[in-house]
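In full-length UniProt numbering, the protein residues as written are 1 to 442.
Notes for the one structure printed next.
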């Protein structure tokens, strides 16, 4: 690598490139006289990584000499477009803007010329865009540092490093500008270092299917984060600082190892989607009712025995999924207050009965009550005028309301695995004027 890049790039950066196993790179170099001061990595292509991405590195800061000269060099090649497209459809626009930005900032008026240079060690030709002569500048060192850090936003907003068998969290990622979605799911990462996070633009952080047990408290710095997925990790706790993510709208904690429902979740007032599942959770606190903006709630695979009455505050809830909680026998009467609820999935619990006021949920479209221990249905269930889908399979029901086939919108009914007298019910089905419009599994 040293022979390859000669004395253009410092040994410090060379080591960085070698350690990261970089296959292809697009670089800029800002040089003060004979000192290599800053290297800007615009884009890199790692071996075995799906797409290129960019980060920066700042080398040692040196004192600014008088009558300072600056030389700017960009290394590129036509083969990089093989990796960039279609991920960076506007890459050439980005490249042009980068040149314009640099010339404008450093007051470069001369045209940048293109010359070709063969680098056999890299097995392809480089196209070198180089300022032909040194530029006299009185820009202060601090100003140039700002140029490096504020150079230009990343040409891609999505960084996908999923399914790469990564064992160590790549800390360079924390220096990225412009990235809005970071996907590190399906790796072998067990620890996220507790260092300063600069990713102010990050909106979506996907860390599912790793080996993460704890999160760094500095995760609270991600002020613009709106989606956080930590599902399928041996996660045992959440730091209190997560409550500082005031823009977090979607939090996924499926199949984790939390000992209890984290109280800090109840402080996330912007949450609209919450999914949580841990076989060790035995109680859902009343404070969950503070999440009044929830539209989707899923609680799966816990040891809870009941749900809090504070759920009545979920006035915006549209989808409620409470499944595979083997100790849950009853639902709170507060469910009757969920007037905007459209989807109710309750399969795989031990429910013995339902709230009598279920019929108040006038916009319900789908109900799944399969694989419970229900012995009867509330009489007003047939008043659910918007109900299209009703799964009652594998319960202990002995009777089904005779007017169930007269429900205005019902198009699917499943009553397999119950104790219902099917002869009488089937006759009622055949007599129904809607029999041609209902899928009836029995």
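Backbone N, C-alpha and C fix where the C-beta goes; we use that ideal spot for every residue, glycine too.
Just mark residue i as buried or exposed, buried being the case when its beta carbon has 16 or more other beta carbons within 10 Å.
| i | result |
| --- | --- |
| residue 174 | buried |
| residue 202 | buried |
| residue 249 | buried |
| residue 232 | buried |
| residue 372 | buried |
| residue 169 | buried |
| residue 252 | buried |
| residue 74 | Note that residue 74 has pLDDT 42, beneath the 50 cutoff, so the model's placement of it is unreliable and no number is given. |
| residue 368 | buried |
| residue 394 | buried |
| residue 385 | exposed |
| residue 315 | exposed |
| residue 427 | exposed |
| residue 131 | Caution is warranted here: a pLDDT of 33 is assigned to residue 131, below 50, making its placement in the model unreliable, and no coordinate value can be reported. |
| residue 382 | buried |
| residue 421 | exposed |
| residue 391 | buried |
| residue 245 | buried |
| residue 292 | exposed |
| residue 433 | exposed |
| residue 272 | buried |
| residue 349 | buried |
| residue 225 | buried |
| residue 163 | exposed |
| residue 229 | buried |
Within the continuous alpha helix (DSSP H) that includes residue i, where are the two ends?
| i | result |
| --- | --- |
| residue 391 | Here residue 391 belongs to no alpha helix (DSSP H); instead the beta strand (DSSP E) covers 389-391. |
Can you look up residue i in the DSSP assignment and give me helix, strand or coil?
| i | result |
| --- | --- |
| residue 250 | strand |
| residue 421 | coil |
| residue 291 | coil |
| residue 192 | coil |
| residue 331 | coil |
| residue 430 | helix |
| residue 200 | coil |
| residue 337 | helix |
| residue 435 | helix |
| residue 155 | With a pLDDT of only 44 at residue 155, under 50, the local geometry of the prediction cannot be trusted, and no value is derived from it. |
| residue 404 | helix |
| residue 359 | helix |
| residue 378 | coil |
| residue 383 | helix |
| residue 168 | coil |
| residue 394 | coil |
If you follow the beta strand (DSSP E) that residue i is in, where does it begin and where does it stop?
| i | result |
| --- | --- |
| residue 446 | Missing from the structure shown is residue 446; the chain here goes from 1 to 442 and no further. |
| residue 345 | 343-345 |
| residue 158 | 158-160 |
| residue 439 | 439-441 |
| residue 183 | 181-183 |
| residue 367 | 366-368 |
Would you verify that the beta carbon of residue i is, or is not, closer than 7 Å to some beta carbon of chain C?
| i | result |
| --- | --- |
| residue 337 | As a matter of chain content, chain C is missing from the structure shown, which is built from one protein chain. |
_Given 8 Å, three or more beta-carbon pairs between the stretch 265-281 and the stretch 214-225_ = The stretch 265-281 is not in contact with the stretch 214-225.
*the stretch 298-311 touching the stretch 353-363, judged by at least three CB pairs closer than 8 Å*: Output reads no: the stretch 353-363 does not touch the stretch 298-311.
*Of all the beta strand (DSSP E) runs that stay within the bounds of the UniProt domain "Disease resistance R13L4/SHOC-2-like LRR" (202-327), which reach a length of 3 or more residues?*
Along the length of the UniProt domain "Disease resistance R13L4/SHOC-2-like LRR" (202-327), whole beta strand (DSSP E) runs at least 3 residues long occupy 204-206, 227-229, 250-253, 273-276, 296-300, 319-323, reported in chain order.
_Contact between the stretch 299-307 and the stretch 277-288 is defined here as three or more beta-carbon pairs at a separation below 8 Å; is this criterion met?_
With three or more CB-CB distances shorter than 8 Å, the stretch 299-307 counts as touching the stretch 277-288.
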